[in-house]
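Only one structure is covered here, and it is reproduced in the block below.
2 protein chains.
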Amino acid sequence: MNTQKDNTEEKILAAATDIFMVKGMEGARMQEIADKASINKALLHYYFRSKDKLFDAILTKMLNLAFPQIGKVFFSDLPFLERVEQVIDIYITLLLKHPQLPAFLIKEMNREGSLLFKFIEKQYFAIQPILKEIQNAMDRGEVIQMKPEHLVVNVLGMCVFPFAARPMIKNVVLNGQDDLLNEFLKQRRSEVKEFIIRAIQPQ
Amino acid sequence: MNTQKDNTEEKILAAATDIFMVKGMEGARMQEIADKASINKALLHYYFRSKDKLFDAILTKMLNLAFPQIGKVFFSDLPFLERVEQVIDIYITLLLKHPQLPAFLIKEMNREGSLLFKFIEKQYFAIQPILKEIQNAMDRGEVIQMKPEHLVVNVLGMCVFPFAARPMIKNVVLNGQDDLLNEFLKQRRSEVKEFIIRAIQPQ
DNA sequence: GTCTATATTAGGATAGAC
DNA sequence: GTCTATCCTAATATAGAC
Chain A
1 MNTQKDNTEE KILAAATDIF MVKGMEGARM QEIADKASIN KALLHYYFRS KDKLFDAILT
61 KMLNLAFPQI GKVFFSDLPF LERVEQVIDI YITLLLKHPQ LPAFLIKEMN REGSLLFKFI
121 EKQYFAIQPI LKEIQNAMDR GEVIQMKPEH LVVNVLGMCV FPFAARPMIK NVVLNGQDDL
181 LNEFLKQRRS EVKEFIIRAI QPQ
Chain B
204 MNTQKDNTEE KILAAATDIF MVKGMEGARM QEIADKASIN KALLHYYFRS KDKLFDAILT
264 KMLNLAFPQI GKVFFSDLPF LERVEQVIDI YITLLLKHPQ LPAFLIKEMN REGSLLFKFI
324 EKQYFAIQPI LKEIQNAMDR GEVIQMKPEH LVVNVLGMCV FPFAARPMIK NVVLNGQDDL
384 LNEFLKQRRS EVKEFIIRAI QPQ
């Protein structure tokens, strides 16, 4: 049963997500969020007490969206190169749905006092098995030898960077046209896959 | 001859650079900049009239540092693959000197009303010859065939991303240790080069 | 050119009526 | 639960003495 409370809370969360994702914690204004949710500032505070708490709610939501993705598909018994392709696929698909996510997270992880650090520190233990598994694949000769950490960062960089730097890509590389940008970002799925495979397949 | 004016102006610029690079336009405080420059707020305004104008001065300075780099070395008569290696070398060297630059620019290019856009739009004409030259190298068979725009973004992503996402790399991939992070970033020079070369060299 | 003191505004937060 | 009105602090900016 949907009370009015639930309904308003959802409106607030939706509005806050939109605003915070684009402007970040420091750029966002409570007034703007209230306007977008078609309520007033006082009601924002009634539901979330403070800007910090509201922001934390949004940040947590987006983090749970972004981070757990890798692990899911990675530990199957498919050949390693296919698993890499799947990871790239999943990530680009996620980013096409949330293009502002990379810039948002980069902004946030470089902001002092961000709650993001609490979250980030825990992830160390989550990624160790992945690095280990990459090393195993290398030892089996499924992939060329290199430092697993650098492979991870290379894949992440190629997937994430064009989204974080969309405004530059759009205006510098393409000709300022939104539809060209969208097309370009969609192409990343296959482009990154092919590029990575060429770089890491044996011989 | 150095008047007191020059001296103070330099102190302000140095302090403002430090603060703005780390905190961005919205996170920085005039008081903090004044403190760092060992002067008071009023003097900041005496020299630069407003926070906006001061920020613009810093932004312009950093942009002129970051953007014109590529072109310089790119149009020599060296083999294409060697030129790519040189570009990577120059960029990673620049980033090791200014590790906060990527996050700063990503923050800024995603901020509405940023003066960065005026600058960014002009760069379209600067990069066209580079894309053309890449295409030529592909047609000559010096490199594998792909969309030049994606090659540029791949190189840029691998160079820039680990700097933009330093806090995450440090805590998630490495073990929260600053010296490990530094070592890792230095390794990027050779790692990126080798990775790119494997991905784009013919056959 | 540099300071202290003050004005001004913006923005987060609360009180209190309904 | 929702609103209007108001408070309070932080932050940019200016006035005016030295």
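Read top to bottom, the protein sequences are chains A and B.
Taking our numbering, the leading residue of the first sequence gets 1, the next gets one more, and so forth.
Taking our numbering, the leading residue of the second sequence gets 204, the next gets one more, and so forth.
The C-beta atom is built at its ideal place from N, Cα and C for all residues, glycine as well.
Query: Residues near LEU180(A) by beta carbon distance below 7 Å, same chain, minus five either side; Result: LEU174
Query: Check whether LEU247(B) and MET233(B) have beta carbons under 7 Å apart; Result: yes
Query: C-beta atoms of GLN272(B) and MET224(B) nearer than 7 Å; Result: no
Query: Entirely enclosed alpha helix (DSSP H) segments - the region 223-283 of chain B, minimum 4 residues; Result: 233-239, 244-251, 254-269 and 272-277
Query: Exposed unless 16 or more other CB atoms sit within 10 angstroms - verdict on ILE403(B); Result: buried
Query: Contact the region 354-362 of chain B vs the region 262-269 of chain B: 3+ CB pairs below 8 Å; Result: no
Query: Meets three-Cβ-pair contact criterion under 8 Å: the region 331-340 of chain B and the region 127-147 of chain A; Result: no
Query: Distance between LYS72(A) and ASP89(A) (C-alpha atoms, nearest Å); Result: 13 Å
Query: Touch test, the region 116-124 of chain A against the region 383-397 of chain B, Cβ-Cβ under 8 Å, three pairs minimum; Result: no
Query: LEU96(A), DSSP secondary structure in three states; Result: helix
Query: Given ASP238(B) as reference, the closest of ASP221(B), GLY227(B), PHE398(B) and ARG401(B) once Cα atoms are compared; Result: ASP221(B)
Query: Cβ-heavy atom distance, ILE196(A) to the ligand FMN, below 6 Å; Result: Although the ligand FMN was asked about, the structure shown includes no ligands whatsoever.
Query: Per-residue contacts from ARG286(A) into chain B (C-beta, under 8 Å); Result: Only positions 1 to 203 of chain A appear in this structure, which leaves residue 286(A) out of reach.
Query: Where MET361(B) sits in the DSSP three-state scheme; Result: helix
Query: Pairwise C-alpha distance: PRO202(A) and ALA164(A); Result: 31 Å
Query: Where GLY379(B) meets chain A, residues with beta-carbon distance less than 8 Å; Result: GLU121 and TYR124
Query: Contact list for ALA306(B) against chain A, beta-carbon separation under 9 Å; Result: ILE106, LYS107, MET109 and ASN110
Query: Interface positions of the region 356-371 of chain B facing chain A (Cβ-Cβ less than 9 Å), listed along the chain; Result: VAL356, ASN357, LEU359, GLY360, MET361, CYS362, VAL363, PHE364, PRO365, ALA367, ALA368, ARG369, PRO370 and MET371
Query: CA nearest to the CA of TYR46(A), picked from LYS186(A), PRO148(A) and GLU9(A); Result: GLU9(A)
Query: Nearest residue (CA-CA) to TYR327(B), options PHE55(A), MET146(A), ASN110(A) and PRO167(A); Result: PRO167(A)
Query: GLU386(B), enclosing alpha helix (DSSP H) - first and last residue; Result: 381-403
Query: Chain B contact residues for ASN171(A), given Cβ-Cβ distances below 8 Å; Result: PHE320, ILE323, GLU324, GLN326 and TYR327
Query: Short CB-CB distance (under 7 Å) between GLU149(A) and chain B; Result: yes
Query: Whole-angstrom distance between LYS254(B) and ARG314(B), CA atom to CA atom; Result: 16 Å
Query: The alpha helix (DSSP H) enclosing GLN338(B), as first and last residue numbers; Result: 319-342
Query: Proximity winner among LYS107(A), PHE80(A), GLN177(A) and THR93(A), relative to ARG140(A) (alpha-carbon distances); Result: PHE80(A)
Query: Span of the alpha helix (DSSP H), counted from its first residue to its last, around MET349(B); Result: From DSSP, MET349(B) is part of no alpha helix (DSSP H); its letter is neither H nor E.
Query: Buried/exposed call for GLY27(A), threshold 16 Cβ in 10 Å; Result: buried
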